[in-house]
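What follows is a single structure, written as structure tokens, with notes after it.
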Amino acid sequence: MQTISDLKKEISFDDFKAEILNDYRIAVTSRECSLLGRREVLTGKAKFGIFGDGKEVPQLAMAKVFQNGDFRSGYYRDQTFMMAIGEFTIEQFFSGLYANTDLKIEPMSAGRQMGGHFTTHSLDENGNWNDLTIIKNSSSDISPTAGQMPRLLGLAQASKIYRNVKGIDSTKFSIEGNEVAWGTIGNASTSEGLFFETFNAAGVLQVPMVISVWDDEYGISVHAKHQTTKENISEILKGFQRNENEKGYEIFTVNGWDYPALIDTYLRASQIARVEHVPVLIHVKELTQPQGHSTSGSHERYKPVERLNWESEHDCNIKMREWIIANNIATNEELSALENTIKKEVRDGKKASWELFLKPIKKEQKKVVSILNELSQKSSNGAFIKKIQDQLTAIHEPIVKDVLSAARKVLRYVINDDCVEKEQLVNWINSYSKEMQPKFSSHLYSESESSAINISEVKPSYDKDELVDGRIIIRDNFDYIFNKYPEALVFGEDSGNIGDVNQGLEGLQNKYGELRVADTGIREATIIGQGIGMAMRGLRPIAEIQYLDYLLYALPTISDDLATLHYRTKGRQKAPLIIRTRGHRLEGIWHSGSQLGGILNLVRGIHVLVPRNMTKAAGFYNTLLEGDEPALVVECLNGYRLKEKKPSNFGEFKTPIGQVEILKTGNDITLVSYGSTLRLVRQVAKELLEVGIDAEVIDVQSLLPFDINHDIVKSIEKTNRLLIIDEDVPGGASAFVLNEILNTQNAYQFLDSQPKTITAKAHRPAYGTDGDYFSKPSAEDIFETIYDIFHEINPMNFPKLR
Ligand SMILES: Cc1ncc(C[n+]2csc(CCOP(=O)(O)OP(=O)(O)O)c2C)c(N)n1
Ligand SMILES: [Mg+2]
Numbered sequence: 001m002q003t004i005s006d007l008k009k010e011i012s013f014d015d016f017k018a019e020i021l022n023d024y025r026i027a028v029t030s031r032e033c034s035l036l037g038r039r040e041v042l043t044g045k046a047k048f049g050i051f052g053d054g055k056e057v058p059q060l061a062m063a064k065v066f067q068n069g070d071f072r073s074g075y076y077r078d079q080t081f082m083m084a085i086g087e088f089t090i091e092q093f094f095s096g097l098y099a100n101t102d103l104k105i106e107p108m109s110a111g112r113q114m115g116g117h118f119t120t121h122s123l124d125e126n127g128n129w130n131d132l133t134i135i136k137n138s139s140s141d142i143s144p145t146a147g148q149m150p151r152l153l154g155l156a157q158a159s160k161i162y163r164n165v166k167g168i169d170s171t172k173f174s175i176e177g178n179e180v181a182w183g184t185i186g187n188a189s190t191s192e193g194l195f196f197e198t199f200n201a202a203g204v205l206q207v208p209m210v211i212s213v214w215d216d217e218y219g220i221s222v223h224a225k226h227q228t229t230k231e232n233i234s235e236i237l238k239g240f241q242r243n244e245n246e247k248g249y250e251i252f253t254v255n256g257w258d259y260p261a262l263i264d265t266y267l268r269a270s271q272i273a274r275v276e277h278v279p280v281l282i283h284v285k286e287l288t289q290p291q292g293h294s295t296s297g298s299h300e301r302y303k304p305v306e307r308l309n310w311e312s313e314h315d316c317n318i319k320m321r322e323w324i325i326a327n328n329i330a331t332n333e334e335l336s337a338l339e340n341t342i343k344k345e346v347r348d349g350k351k352a353s354w355e356l357f358l359k360p361i362k363k364e365q366k367k368v369v370s371i372l373n374e375l376s377q378k379s380s381n382g383a384f385i386k387k388i389q390d391q392l393t394a395i396h397e398p399i400v401k402d403v404l405s406a407a408r409k410v411l412r413y414v415i416n417d418d419c420v421e422k423e424q425l426v427n428w429i430n431s432y433s434k435e436m437q438p439k440f441s442s443h444l445y446s447e448s449e450s451s452a453i454n455i456s457e458v459k460p461s462y463d464k465d466e467l468v469d470g471r472i473i474i475r476d477n478f479d480y481i482f483n484k485y486p487e488a489l490v491f492g493e494d495s496g497n498i499g500d501v502n503q504g505l506e507g508l509q510n511k512y513g514e515l516r517v518a519d520t521g522i523r524e525a526t527i528i529g530q531g532i533g534m535a536m537r538g539l540r541p542i543a544e545i546q547y548l549d550y551l552l553y554a555l556p557t558i559s560d561d562l563a564t565l566h567y568r569t570k571g572r573q574k575a576p577l578i579i580r581t582r583g584h585r586l587e588g589i590w591h592s593g594s595q596l597g598g599i600l601n602l603v604r605g606i607h608v609l610v611p612r613n614m615t616k617a618a619g620f621y622n623t624l625l626e627g628d629e630p631a632l633v634v635e636c637l638n639g640y641r642l643k644e645k646k647p648s649n650f651g652e653f654k655t656p657i658g659q660v661e662i663l664k665t666g667n668d669i670t671l672v673s674y675g676s677t678l679r680l681v682r683q684v685a686k687e688l689l690e691v692g693i694d695a696e697v698i699d700v701q702s703l704l705p706f707d708i709n710h711d712i713v714k715s716i717e718k719t720n721r722l723l724i725i726d727e728d729v730p731g732g733a734s735a736f737v738l739n740e741i742l743n744t745q746n747a748y749q750f751l752d753s754q755p756k757t758i759t760a761k762a763h764r765p766a767y768g769t770d771g772d773y774f775s776k777p778s779a780e781d782i783f784e785t786i787y788d789i790f791h792e793i794n795p796m797n798f799p800k801l802r
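For what it's worth, UniProt numbering labels the leading residue of the sequence shown as 1, then goes sequentially.
Here it is in structure tokens:
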């Protein structure tokens, strides 16, 4: 194994010196950025700053062993690392602070994320994969502490899959699974459940993952004594240490200011993880925060003087400087000269970034001022317009909002004017808004050719009239999927050996192996994280959450990470993860499978699909695997043993995404529902015919996206009445559906009766059949609600029921 002394022996002193001075240059550059960055926030040019000062030196060591194809999953302190791997410049640092919306200038997120959230581009501008084996990769950071951990597990596991599963085209993703996933996390954030869940799971899975804990003894103002048992994360994780008989972790501790020791440690860690596929923890101690936690406050408020003094002495950059001089690598004068050059470079870079940010806005400001100037001379409200013009002119460093809002305010002063200048103003507002809005709103979903909504329906075909249990359709379709896509894999609680709790994967582990059809521990958040990380490295994971109710344990990871990934990278990273779960119409507070409203509101960015039977569900999987987007598929829990006609084109038939299906035509009222509840609705629709009400029944199928062809409003145009039937709480998914129909599809204009929703009670559904009957909408509830609507219109024909 190579050590720093070996390195010295291998290369000439000049090369050795150059490498160390280059490291020092990066450390000082990074520090200087932090110092100036703070000032930019305090003077108001940037909104918020959180920087990597005090954590520079260990990141240099990590960067040295970080190879092409490797992935980082870290947090906001890692700017030095990003600079050291060549993926972050001074200009990019400041452009991030200013929130420059040009992805070429601010490649981390095009201004969508605060500075300190680092990203590399896995996709080109058309959404196609770049070759990830020839670049150094950083998965896009998120702000919630420890939120980077679940994904890290999957990034590491991908190497294991690529190394051990044959037949996958790994060209752009892996070279024999030799890639390491590098996690970074603050000491205080290790208090989070997501950290411990990930840590345990990686030990079980034995994946090539190296977690660095940057330990500065604090989490904002809260000392380690309130965060960590024994105030020492590596100490309490000692039980995970591997030994001759048991697999586990390799655990290192090292001081964050000790440059040579850090290099030795990282070399060893890299080797162990890369070659042996064993996870490693590096507890990097004795780090500092020279400027406190962030620009929101100062650490003098909560750190004792002794600690502040200790931090000044143990600042890792200062220690590295001392080491360089003590080892005669460079003199004090040489280093001072270098530091002065860097100071100037950072100042120049900052200036250039500000210019880049300001220039296009100033151009628009000038245009608007000139339009307003002309308009003020024409309009009878000229004085008011002139005032706005003067205010806009006076802004020396405008942001987009200043310019656009001034222009839009003028509109109300020229309502009655009719002149070319007004037309100019309106045209400018329209075109500038059209240009700017996508900068903030694009790429929530895929904009590539493979977007799931571009994939056409293929109907199931039937050779014969064979009826089988729904689970057989799911199972046989998955069999086709695993055969067709070597990169597809499924994992979850009980998904492997027994082939899931409803046997939709029965026998498939035997056929496709334990890595592709796998059991996992009971750990929903990291099941999703596994899926996110693997999907980010080109695999097609299907993460199984045993019941919809338990998706809540994973919701932070789904909502914060998966749902925002494409958006927060402006389309430069993706995780086309399929989440498979089952829900609807079950009984009991924790098994009712109904909480879709809550989910819908938290997962924009993910497709939410609610197939009413297993053929529809299987069709969704086939569609999704051709697409490039994440999705949640909620199978009907009570549908596995119900008979369905067995299709003959498994793996081929596709359920379209974002399209409703009309299950029964009718003229009197439109009934909208989804999932298992549809069985009740269809039964009620038949019963209604007996009293002379002919209802149209529509299956939504896909909640997100919702009825992209606006077929529901077409139905309401005919029936003039609407009832939404949902088993979620009042104001849950039914409110979402109603909003789509009334606001997006403008159905209000066709309604002759109040649009209604019928939902479950506000409480969670009680256990047992009677619990269900009194908690969720029953067939009688649905019948009576519809009947009442008609009684209200025509009490003669529809006398009161009760
Ligand atoms: C889930 C969540 N809770 C709280 C926060 C607010 N917060 C941001 S950073 C931080 C402290 C993190 O400390 P540590 O992990 O030690 O990292 P350090 O900043 O010290 O490097 C907190 C509480 C957050 N971002 N996310
Ligand atoms: Mg800390």
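Yeah, the Cβ is synthetic: ideal placement off N, Cα and C, and Gly gets one too.
Candidates the options: closest to residue i by CA position
i	options	result
His299	Asp23, Val633, Ile712, Ile220	Ile220
Gly675	Leu723, Asn743, Gly583, His763	Gly583
Leu335	Leu688, Ser734, Thr29, Gly499	Thr29
Thr769	Tyr547, Ser592, Ala352	Ser592
Glu690	Gly619, Ile725, His607, Tyr787	Tyr787
Ser380	Val410, Ala156, Leu392, Asn720	Val410
Met82	Ala61, Thr101, Ala99, Ile455	Ala61
Asp707	Ile657, Leu671, Ala695, Gly732	Ile657
Asn497	Ala518, Gly531, Phe478	Ala518
Phe650	Thr759, Ala330, Tyr462, Phe774	Tyr462
Thr719	Gly44, Asp728, Leu671	Leu671
Neighbourhood of residue i by C-beta distance below 6 angstroms, restricted to the same chain and skipping five residues each side
i	result
residue 860	The requested residue 860 does not occur in the structure, where the chain is confined to residues 1 to 802.
Tyr162	Ser170, Ser174, Gly177
Ala99	Gly111
Tyr767	Glu587, Gly588
Leu444	Tyr567, Gly605
Limits of the unbroken alpha helix (DSSP H) element including residue i
i	result
Ser715	711-719
Pro360	332-378
Trp428	420-441
Gly768	768-775
Ile542	Looking at the DSSP string, Ile542 is not in any alpha helix (DSSP H); the run it does join, the beta strand (DSSP E), is 540-545.
Leu42	13-42
Arg537	From DSSP, Arg537 is part of no alpha helix (DSSP H); its letter is neither H nor E.
Arg72	Counting along the chain, Arg72 falls outside any alpha helix (DSSP H), though it belongs to the beta strand (DSSP E) covering 71-73.
Contacts around residue i, its chain only, beta-carbon distance under 7 angstroms, and the 5 residues preceding and following it disregarded
i	result
Ile85	Ala63, Phe66, Lys136
Ile545	Gly492, Glu524, Ile527, Leu551, Ala554, Ile579, Thr581
Asp23	Leu60
Glu784	Leu801
Asp465	Lys645
Lys761	Ser775
Close Cβ partners of residue i (< 8 angstroms) along its chain, the five nearest in sequence each way excluded
i	result
Arg682	Leu663, Lys664, Val697
Gln157	Leu205, Val207, Gln530, Gly533, Met534
Anticipated Cβ contact below 8 angstroms, residue i with residue j, distance rounded
i	j	result
Lys570	Leu103	5 angstroms
Glu87	Thr133	Contact doesn't hold; Cβ gap of about 16 angstroms is too wide.
Leu539	Leu489	7 angstroms
Phe118	Ser138	5 angstroms
Whole-angstrom distance between residue j and residue i, CA atom to CA atom
i	j	result
Val165	Asp70	19 angstroms
Ile473	Thr615	6 angstroms
Ser140	Ser73	7 angstroms
Phe798	Glu780	16 angstroms
Lys643	Asn613	10 angstroms
Lys378	Asn743	39 angstroms
Ser715	Ser451	27 angstroms
Lys646	Phe240	49 angstroms
Span of the beta strand (DSSP E), counted from its first residue to its last, around residue i
i	result
Asn255	250-255
Val305	Where Val305 is concerned, there is no enclosing beta strand (DSSP E), although the alpha helix (DSSP H) it sits in stretches over 305-314.
Ala631	631-636
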